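To get the numbering used here, take the position in the sequence shown, counting from 1, and add 161.
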Amino acid sequence: MDALETLREQNLPFAKLLGIELTFASPERVAAQMRVREDLCTIPAVLHGGALMALADMLGACATVLNLTGGAGTTTIESKTNFLAPAPVGTTVTAECVAIHRGKRTMVWQTRISGQNGRLLGIVTQTQMVLEPQPA
162 MDALETLREQ
172 NLPFAKLLGI
182 ELTFASPERV
192 AAQMRVREDL
202 CTIPAVLHGG
212 ALMALADMLG
222 ACATVLNLTG
232 GAGTTTIESK
242 TNFLAPAPVG
252 TTVTAECVAI
262 HRGKRTMVWQ
272 TRISGQNGRL
282 LGIVTQTQMV
292 LEPQPA
């Protein structure tokens, strides 16, 4: 099973709620797209910053999962977002998450989110902590 199939089989409820569609996955990079729906917007009708951040957070977590072994888990411990431009309702944003650091205890990812026209909308840098498996 390839990395994209592995992630799609995870049945990620929050990703489904947001409408995130994974389009590529490897241990070094994860990509997705998300339709800007009215219920994900603020006023005026542009993508809410929290929804943009949630998209990036989901991709960083997915990328980390692809690098875990032995039943380890992950959680976000830090996230920094630069908002650069709005995404209007009815458009589709694309996101690409790439590895900056893949260590044994932490992993750092940068996600670039762009609009339909290719314009850069935001950059998110996040740190994921690797959680050791808990004994049964």
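Glycine included, every Cβ here is placed at the ideal spot set by N, Cα and C. Computed from a predicted structure; not experimentally measured.
Buried or exposed by the 16-neighbour rule on C-beta atoms within 10 Å, applied to residue i
i: residue 221; result: buried
i: residue 295; result: exposed
i: residue 181; result: buried
i: residue 163; result: exposed
i: residue 297; result: exposed
CB of residue i within 8 Å of CB of residue j, strictly
i: residue 195; j: residue 254; result: yes
i: residue 281; j: residue 245; result: yes
i: residue 288; j: residue 238; result: yes
i: residue 327; j: residue 248; result: In the structure as shown, the chain begins at 162 and stops at 297. Residue 327 is therefore absent and cannot be evaluated.
i: residue 213; j: residue 283; result: yes
i: residue 269; j: residue 286; result: yes
i: residue 227; j: residue 274; result: no
i: residue 173; j: residue 186; result: no
i: residue 229; j: residue 236; result: no
Nearest to residue i (by Cα), restricted to the options the options
i: residue 290; options: 283, 202 and 225; result: 225
i: residue 167; options: 191, 266, 180 and 175; result: 191
i: residue 240; options: 219, 204, 175 and 279; result: 219
i: residue 257; options: 243, 272 and 205; result: 272
i: residue 243; options: 172, 262, 187 and 210; result: 210
i: residue 170; options: 262, 223 and 231; result: 223
Same chain only: Cβ atoms within 7 Å of residue i, ignoring 5 sequence neighbours per side
i: residue 277; result: 252 and 253
As assigned by DSSP and simplified to three states, the class of residue i
i: residue 166; result: helix
i: residue 234; result: strand
i: residue 247; result: coil
i: residue 283; result: strand
Residues near residue i in its chain [Cβ-Cβ closer than 6 Å; skip 5 each side]
i: residue 206; result: 250
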